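K.L.:
Supplied in structure tokens, the structure appears directly below.
Residue numbers (the numbering used here): 1315 to 1647.
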């Protein structure tokens, strides 16, 4: 069995003292030339420092990442980008999975603080009074992703303006009777801001007949709610979905009932999943830049740990992806 490299071995191979190697591994001050020597030895020998030993150091170079789950399309991709960026900058990510449980989310942040991580990134399901309180209480860098936290720092999608633009696009295409399949307002970003953007965008085009039906982020729930819609005597001409996954549920039900997209009902989503372009017809949707979101979030966390000033709120960009799932209803009127 190959012998595992020790700090002593790295010190000898680098030509420096053991204390210097230890200081380097724990994020302490080391001359740039010395740092490069140690880093070269570590990389050439694939050395992995003991994570639990690092947790006892003043600077652990470990960042906690709290996620609600991996059953969405966007979360795994976003986490991959963050993890890659942190590793590239010599930080080790420690992921805590909360199962969409708000109380578990709070407990996870507290646990990460107690084991001495340098900072915590929270892909939050919502921001509650408990979240706001814990930011003040813990005294370590905490960054919220996807939800605004007035008491802390946040990197969010531009949900309102993205939805506003989509709403105006649909209004200009002649949408008149619109149903929104939407998630609960407990989710401030998607449930409130994204919803309000759709309302305001359609309203700017004179469309006031908008009905919202609550569903969850899950495909199965979207199918159930769409089944109720197609049983109506009068169908809407447009169904706007809070996510592409919800839109996929709509596609399934409309197809089974021989309701044509977009001739009978236009359908839109948010997320621009890889599968959305493969639907028949391809789905009109909103694309958020996940690569940029993940990299900006990770860099912001690193800057916060270093004590450097960062913006309280940063907003991720978007694009409207116009495909064949929206009918121009002005032509037939």
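All residues carry an ideal CB built from backbone N, CA and C; glycine is no exception. Nothing here was measured: the structure is a model prediction, and the numbers come from that model.
Could you tell me the alpha carbon to alpha carbon distance between residue 1599 and residue 1557, rounded to whole angstroms?
P.N.:
For the purposes of this step, residue 1599 is taken as the residue at position 285 of the chain shown. For the purposes of this step, residue 1557 is taken as the residue at position 243 of the chain shown. Between the alpha carbons of residue 1599 and residue 1557 lies a gap of roughly 8 angstroms.
K.L.:
Suppose you measure from the CA of residue 1423 to the CA of residue 1466; what does that come to, to the nearest Å?
P.N.:
Residue 1423 sits at position 109 when you count from the first residue of the chain shown. Residue 1466 sits at position 152 when you count from the first residue of the chain shown. Approximately 14 angstroms between the Cα atoms of the pair.
K.L.:
Could you check what DSSP says for residue 1533 in three-state terms: helix, strand or coil?
P.N.:
Translated into positions along the chain shown, residue 1533 becomes position 219. Residue 1533: helix per DSSP, three-state reduction.
K.L.:
Check whether the stretch 1455–1470 and the stretch 1482–1498 touch, using three or more Cβ-Cβ pairs below 8 angstroms as the test.
P.N.:
no
K.L.:
Given that a residue counts as buried once 16 or more other Cβ atoms are within 10 Å of its Cβ, and exposed if not, what is residue 1550?
P.N.:
Working through the chain shown from its first residue, we reach residue 1550 at position 236. Classification for residue 1550: buried.
K.L.:
Can you tell me which of 1416, 1417, 1435 and 1399 puts its alpha carbon nearest to the alpha carbon of residue 1409?
P.N.:
If you number the chain shown from 1, residue 1409 lands on position 95. Measuring from the Cα of residue 1409, the nearest candidate turns out to be 1435.
K.L.:
Give me whichever residues DSSP pairs with residue 1435 in a beta bridge.
P.N.:
Translated into positions along the chain shown, residue 1435 becomes position 121. Beta-bridge pairing links residue 1435 to 1379 and 1457.
K.L.:
Please name the residue, chosen from 1490, 1520 and 1568, that lies closest to residue 1537 on a Cα-to-Cα basis.
P.N.:
The sequence position of residue 1537 within the chain shown is 223, counting from 1. When only C-alpha atoms are compared, the closest one is 1568.
K.L.:
What is the DSSP secondary structure of residue 1315, reduced to helix, strand or coil?
P.N.:
Indexing the chain shown from 1 puts residue 1315 at position 1. Any reading at residue 1315 needs caution, since the residue's pLDDT is 40, under 50, leaving its predicted position unreliable; the model's value is listed next. Note: residue 1315 maps to coil in three-state DSSP.
K.L.:
Given this structure, state the Cα-to-Cα distance separating residue 1334 from residue 1377, to the nearest angstrom.
P.N.:
As a working mapping, residue 1334 is identified with position 20 in the chain shown. As a working mapping, residue 1377 is identified with position 63 in the chain shown. Approximately 23 angstroms, taken between the alpha carbons.
K.L.:
Spatial neighbours of residue 1327 within its chain, please: CB distance less than 7 angstroms, with the 5 preceding and 5 following residues excluded, ordered by chain position.
P.N.:
The sequence position of residue 1327 within the chain shown is 13, counting from 1. If we look at residue 1327 and ignore the five residues flanking it on each side, its Cβ neighbours are 1355.
K.L.:
Using the three-state DSSP reduction, which class does residue 1322 fall into: helix, strand or coil?
P.N.:
In the chain shown, the residue the question calls residue 1322 occupies position 8. Helix.
K.L.:
Under a three-way DSSP split, which group does residue 1518 fall into?
P.N.:
By 1-based counting over the chain shown, the position of residue 1518 is 204. Of the three classes helix, strand and coil, the one that applies to residue 1518 here is coil, per DSSP.
K.L.:
Start and end of the beta strand (DSSP E) containing residue 1648?
P.N.:
Since the first residue shown for the chain is 1315 and the last is 1647, residue 1648 is missing from the structure and cannot be characterised.
K.L.:
Look up residue 1405 in the DSSP assignment and say whether it is helix, strand or coil.
P.N.:
What you label residue 1405 is simply residue 91 of the chain shown in a count that begins at 1. Looking at residue 1405 - three-state DSSP - the assignment turns out to be coil, as it is neither helix nor strand.
K.L.:
Quick check on residue 1528: does DSSP put it in helix, strand or coil?
P.N.:
Mapped onto the chain shown, residue 1528 falls at position 214. In the structure shown, residue 1528 sits in a strand (DSSP, three-state: E or B).
K.L.:
Looking at C-beta atoms only, is the number of pairs between the stretch 1481–1496 and the stretch 1508–1525 that lie closer than 8 angstroms three or more?
P.N.:
yes
K.L.:
Between which two residues does the alpha helix (DSSP H) containing residue 1348 stretch?
P.N.:
For the purposes of this step, residue 1348 is taken as the residue at position 34 of the chain shown. Per DSSP, residue 1348 belongs to the alpha helix (DSSP H) from 1346–1358.
K.L.:
With a threshold of 7 angstroms on Cβ separation, who are the neighbours of residue 1519 within its own chain once the five nearest residues in sequence on each side are excluded?
P.N.:
The residue given as residue 1519 occupies position 205 in the chain shown. 1482, 1485 and 1486.
K.L.:
Could you please give the first and the last residue of the uninterrupted beta strand (DSSP E) stretch that includes residue 1678?
P.N.:
Past the boundaries of the shown model lies residue 1678; the chain is included only from 1315 to 1647, so the question cannot be answered.
K.L.:
Within the chosen definition, does the stretch 1446–1454 reach the stretch 1606–1614 through at least 3 CB pairs nearer than 8 angstroms?
P.N.:
no
K.L.:
According to the neighbour-count rule (16 or more other Cβ atoms, all chains shown, within 10 Å of its Cβ), is residue 1507 buried or exposed?
P.N.:
Sequence index remark: in the chain shown, residue 1507 carries index 193 (1-based). It is buried - the Cβ of residue 1507 has at least 16 other Cβ atoms within 10 Å.
K.L.:
With distances taken Cα to Cα, identify the nearest neighbour of residue 1407 among 1380, 1584, 1421 and 1523.
P.N.:
Stepping through the chain shown from its first residue, residue 1407 is reached at position 93. Out of 1380, 1584, 1421 and 1523, 1380 has the C-alpha closest to the C-alpha of residue 1407.
K.L.:
Just the C-alpha distance for residue 1632 and residue 1426, rounded to the nearest angstrom, thanks.
P.N.:
Position 318 of the chain shown, counted from the first residue, corresponds to residue 1632. Position 112 of the chain shown, counted from the first residue, corresponds to residue 1426. For residue 1632 and residue 1426, the distance between alpha carbons rounds to 32 angstroms.
K.L.:
Closer than 6 angstroms to a non-hydrogen atom of the ligand PLP - does that hold for the CB of residue 1613?
P.N.:
Looking for the ligand PLP in the displayed structure turns up nothing, as the structure carries no ligands at all.
K.L.:
Taking Cβ to Cβ, would you say residue 1511 is nearer than 7 angstroms to residue 1490?
P.N.:
Your numbering for residue 1511 matches position 197 in the chain shown. Your numbering for residue 1490 matches position 176 in the chain shown. Not a contact, by the Cβ cut-off of 7 angstroms.
K.L.:
Which same chain residues, not among the five before or five after residue 1488, have their C-beta less than 7 angstroms away from its C-beta?
P.N.:
Position 174 of the chain shown holds residue 1488. Cβ neighbours of residue 1488 beyond the five flanking positions: 1642, 1643, 1644 and 1647.
K.L.:
Could you spell out where the alpha helix (DSSP H) holding residue 1483 opens and where it closes?
P.N.:
Here residue 1483 is taken as the residue at index 169 of the chain shown, counted from 1. Start and end: 1473–1486.
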